[in-house]
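Here is the structure we will look at, set down as structure tokens.
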Amino acid sequence: MIRFRLQTKLFLLVSALVLVLILSTLLVVNLWVTRQMYRNVESDLQGAQSVFAEFQRTRYASLLAICRLLGKDFALRTAVATYDPGTVLSAAMTFQARVNSQLFLITDAAGRVLARTDRPEIAGEDVSGLPAIRAALQGKESTTNWVLMETLYQVATVPLKAGSDILGTLSIGFLIDDAVTRELKKATRSEITFLTFSRAVASTWQEQGKRTLAHLLLSGQPQGEKGEELRLITVHGEDYLSLIAPIRGSRNEPLGLYVLQRSVDEALGFLRTLQKALILIGASGVGIALIISFVMARSITAPVQKLVAGTTAVSAGNYDLRIVVRSQDEIGILADSYNRMAQALQEKTEALQAAYEDLRQKNVELESTLQKVRLLENIKTHLGKFVPEAVKRIIETTPEAPDLEKHDRDVSVLFLDIAGYTHLSETIDLEKVNYLVEHYFSSFLDDIYRHNGDINETAGDGLMIIFQDGDRRRHALNAVQTAVAIQQKVASINQSLQGRYQPLLVNIGINSGSAAVGSTRFEGITGTRWTFTASGPVTNIAARLGELATQGEILIGEETARRVQGVVPVREIGKHHLKNVSEPVTVYRVEVAVSAQPLR
8 MIRFRLQTKL FLLVSALVLV LILSTLLVVN LWVTRQMYRN VESDLQGAQS
58 VFAEFQRTRY ASLLAICRLL GKDFALRTAV ATYDPGTVLS AAMTFQARVN
108 SQLFLITDAA GRVLARTDRP EIAGEDVSGL PAIRAALQGK ESTTNWVLME
158 TLYQVATVPL KAGSDILGTL SIGFLIDDAV TRELKKATRS EITFLTFSRA
208 VASTWQEQGK RTLAHLLLSG QPQGEKGEEL RLITVHGEDY LSLIAPIRGS
258 RNEPLGLYVL QRSVDEALGF LRTLQKALIL IGASGVGIAL IISFVMARSI
308 TAPVQKLVAG TTAVSAGNYD LRIVVRSQDE IGILADSYNR MAQALQEKTE
358 ALQAAYEDLR QKNVELESTL QKVRLLENIK THLGKFVPEA VKRIIETTPE
408 APDLEKHDRD VSVLFLDIAG YTHLSETIDL EKVNYLVEHY FSSFLDDIYR
458 HNGDINETAG DGLMIIFQDG DRRRHALNAV QTAVAIQQKV ASINQSLQGR
508 YQPLLVNIGI NSGSAAVGST RFEGITGTRW TFTASGPVTN IAARLGELAT
558 QGEILIGEET ARRVQGVVPV REIGKHHLKN VSEPVTVYRV EVAVSAQPLR
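Following the numbering used here, the numbering of the sequence shown begins with 8 at its first residue and continues without gaps.
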């Protein structure tokens, strides 16, 4: 039997303990970093899903705006009113080229196809059973996904009306193809694939990758019935954490899937580098520990060896050598020193570990907080462009619990409308129309904000502006002064654009009084929409006064006229019956001369 010396035993024992401790530490760190990496990738995928949802909302809003604009186009409605497929198809192809859509479908009032530009041969086919067409025939607008001939579209559908009569429906769709996925990849830094239940229709992957995903996701039970799912999928020999979610139609039925993917192997690149560093550190630690173990074992056994030498000498009959062993000898002192050292070392190590863990946790919390702050600042920067000033002030005053409920407020409401906008849209191309509208409306902003106005709603050719102030006369005067300033800006721009465009006229209506001011919520299948507005008779009369105004007039209600009396010259033009107003309304015209001023 092999017999080990006490020094060797101590050396092996201490070395084994140190080695186990270092290896355990390396294993725990490796597991923690791997788990954290998966959480980060999952968080990135959820962020990419939010970007994709915003992309969908933006596309739907663009489609709906185009449909609404074309739905009011006189030429298109005239063509549809003929109910002649050839005439309607010719008009549809013309308008499709303008809006650059891939799907352009027009039906008659019974839901039969008058024209579909990509399949003209189906004219006369009854599509009234499609939910979007059926809703449009009932006068409702909608946006949803369509799958036609294994091709995926985002589609907006609106009714085509002549007065209150429905002539038919208009559906315009944008194709979801590889170009769309490449654009989304730039925004999300993720691979993205769209699949119907038979094939992959669009993807950032090449054909082999598409076939791999289609085989994995479309075989067996349809994934669209399962809701969202996270899976690890191997594509081209590389692992990807994949967020799989259904694409749904207007009745919430599954039409297919979309898949967002982030490379796990790419994320693990950092882990592999860390592993190499940890192995190097661990190997160095083991080497240093072995040296320390040897020295410690030798220092511990030296007094014992002296005792053995002494007892050996005595046993050999050497009585001259005297060895005194007391509790305060080297072994006692050594044991006592070791105990005190071990205790101090343990306490300091535990304190250091606790401080390190506390620092690491605070660092993680700080980084998370900074990320949230950056995200909130980014959201605030972008959404601030779309939020009314009144809402901003409410949120800034009480950010923890902003009061957005409706309350009775005394306000002045101003409606302005570009006269002859439809004719203008029909006579010049859409890009020039947009330029003119943006040019005129942009010039109004400084005057609106200078008079404490809040732009509440915008349409293609008009604005709704709300004025509030503790002094009722002040906000009424602000509204009228804003209207006069706007007319001066219109005159100046007309003069600067003379010879290039026909001059525009802006008609304005103003009314003052009590209105319900606050948020209004609209809930639909695809989501919830909030709007902040002033509602009630005051707003309705202001809108009707804007419709009554002609030739660039500023028409105001009786209460507004009373409040600005003596400050702004006005003239009564009699009582008028306004649409949706039961009693005749006394109308006043602002009699301020408007002249062109140099633009700054």
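From the three backbone atoms N, C-alpha and C, an ideal C-beta is built for every residue, glycine too.
Selected residue, minimal CA-CA separation from residue i, among the options
i	options	result
V444	T101, L511, A139, Q502	L511
T1	S31, Q63, V35, S197	Residue numbering for the chain in the displayed model covers 8 to 607; residue 1 lies beyond these limits and cannot be assessed.
L220	T176, T195, L267	L267
V107	L96, L182, P92	Reading off the sequence, residue 107 comes out as Asn, not Val. Ranking L96, L182, P92 by Cα distance to N107 puts L182 first.
N152	T114, Y265, S432	Y265
K193	T211, G180, T203	T211
R255	N518, Q161, V208	Q161
T203	H222, Q213, D125, P127	H222
S499	E433, F474, V601, L28	V601
G553	A541, G294, G54, L421	L421
R578	K586, H584, E598, V592	E598
D131	L112, E61, R189	Contrary to the premise, residue 131 reads as Gly rather than Asp in this sequence. With distances taken between Cα atoms, G131 lies closest to L112.
G54	L250, D417, R479, A274	L250
G573	I299, A186, V487, T557	V487
D125	M100, K379, A139, R75	M100
A274	A550, H243, R46	R46
T527	A117, T540, I173, H446	T540
G136	D172, S171, T176	T176
T195	K496, D51, E374	D51
L504	R479, H446, G520, R551	H446
Straight-line Cα distance separating residue j from residue i
i	j	result
L437	D80	12 Å
E49	W39	15 Å
P261	E236	14 Å
Q109	Y67	14 Å
N259	G531	11 Å
V524	V165	30 Å
E433	T465	21 Å
G78	P544	29 Å
A86	S97	9 Å
D115	A82	16 Å
I199	L71	25 Å
T241	A163	36 Å
L239	Y247	6 Å
A522	V120	45 Å
G180	P591	45 Å
A358	S31	20 Å
A209	L224	15 Å
L19	I29	15 Å
E412	S270	45 Å
V36	T280	13 Å
F102	H458	41 Å
For residue i, the first and last residue of its enclosing beta strand (DSSP E)
i	result
L110	110-115
S432	That residue, S432, is in no beta strand (DSSP E); its alpha helix (DSSP H) goes 428-434.
L421	414-425
R578	577-583
N152	149-155
E198	198-203
A7	As displayed, the chain neither begins before 8 nor continues past 607, which places residue 7 out of reach and without an answer.
S178	172-182
Cβ-based burial, residue i [other Cβ within 10 Å; buried from 16]
i	result
I73	buried
S178	buried
K217	buried
D468	buried
V588	exposed
D424	buried
I561	buried
L452	exposed
A23	exposed
V27	exposed
G516	buried
A361	exposed
E566	buried
S149	buried
N370	exposed
Limits of the unbroken alpha helix (DSSP H) element including residue i
i	result
A216	In the sequence on display, residue 216 carries Gly and not Ala. Per DSSP, G216 belongs to the alpha helix (DSSP H) from 214-225.
G234	First-last for G234: undefined, no H or E at that position.
A549	544-555
K192	185-195
V599	Unbroken run through V599: none, as it is neither H nor E.
A568	565-571
- Item | Every unbroken beta strand (DSSP E) within the segment 84-137, with a cutoff of 3 residues, ordered by chain | 110-115, 120-123
- Considering only residues of the segment 237-261, which uninterrupted beta strand (DSSP E) runs meet the minimum length of 3 residues and lie entirely inside it, listed in chain order? 245-255
- Start-end ranges of the beta strand (DSSP E) lying completely within the segment 457-511, minimum 3 residues: 460-465, 469-475
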